Amino acid sequence: MKKIILSIVCFLWCIASNAQLLKSKDKSGKIHFFSATPMENIEAKSDVATSLIFTETDSIKFSVPITSFQFEKSLMQEHFNENYMESSKFPKASLRGKINEKIDFKKDGEHKVTATCICTIHGISKPYSLIGTISVKNNEVILKSKFDVKLTDHNIDVPKLVVKNISENIAVNVEFIYAPYVKK
């Protein structure tokens, strides 16, 4: 019995020693979105998104506070938070999923990747397939991806009065810089 328990412990230790948790560096998570229409362009950025990659399972997740998005015009930011995103009711957006390709996060290189994810915005979770790149250099990992979010998929209503000012599909760019997580 002791040999079985010892074997199990050794097996789990071997798995854990190969597994690595990558955490986005402080203030490195960037999410940018852009809405282009003939009437008006709308653009916002957040630099406070956080993300994790668990290398053993290739799982990924990220989260961003809705109120962290900064607009050029303060009135746009106010309308975004109060009227469209209802940020007091739905304070964050998140994504959780799996990277489909196996990446050696300890070996330098650039990799084209896809991920199958569930994205939750405005309290509505929807499946997404993301395309991006993961670059590994000197123990630093950079993830970049672009995807579109359809407002109606997340029950984000646009009043008829301004429907020509806001695109139905919002272009989203994400960039995270990761380092191995070290428990403090």
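When we follow the numbering used here, the leftmost residue of the sequence shown carries the number 1, and every step to the right adds one.
Beta carbons: idealized from backbone N, C-alpha and C, even for Gly.
Since this is a predicted model, take the numbers as computed values, not measurements.
Item: With distances taken from CA atoms, which of 45, 38, 36, 49 is nearest residue 27?; Value: 49
Item: What residue range does the alpha helix (DSSP H) around residue 79 cover?; Value: 74–79
Item: Measure the C-alpha to C-alpha separation of residue 31 and residue 97 and round it to an integer number of angstroms.; Value: 17 Å
Item: Ignoring anything shorter than 3 residues or poking outside the segment 124–173, list the beta strand (DSSP E) runs there in chain order.; Value: 124–137, 140–150
Item: Using DSSP with H/G/I as helix, E/B as strand and the rest coil, what is residue 114?; Value: strand
Item: For residue 110, collect the residues of the same chain with a Cβ closer than 7 Å to its Cβ; drop the 5 residues on either side in sequence, then sort them by chain order.; Value: 133, 135
Item: Between the segment 73–89 and the segment 48–62, do three or more beta carbon pairs fall short of 8 Å?; Value: no
Item: Roughly how many angstroms separate the alpha carbons of residue 12 and residue 70, rounded to a whole number?; Value: For residue 12, the predicted structure reports a pLDDT of 39, less than 50, and the residue's modelled location is therefore unreliable. The matter cannot be settled from this model.
Item: Find the nearest neighbour of residue 162 within the set 68, 67, 83, judged by alpha-carbon distance.; Value: 83
Item: For residue 185, tell me which candidate among 52, 36, 148, 170 has the shortest Cα-Cα distance.; Value: Here the chain has residues from 1 to 184 only, and residue 185 is not among them.
Item: Among residues of its own chain, excluding the 5 on either side of residue 167, which ones have a beta-carbon nearer than 7 Å to its beta-carbon?; Value: 35, 36, 37
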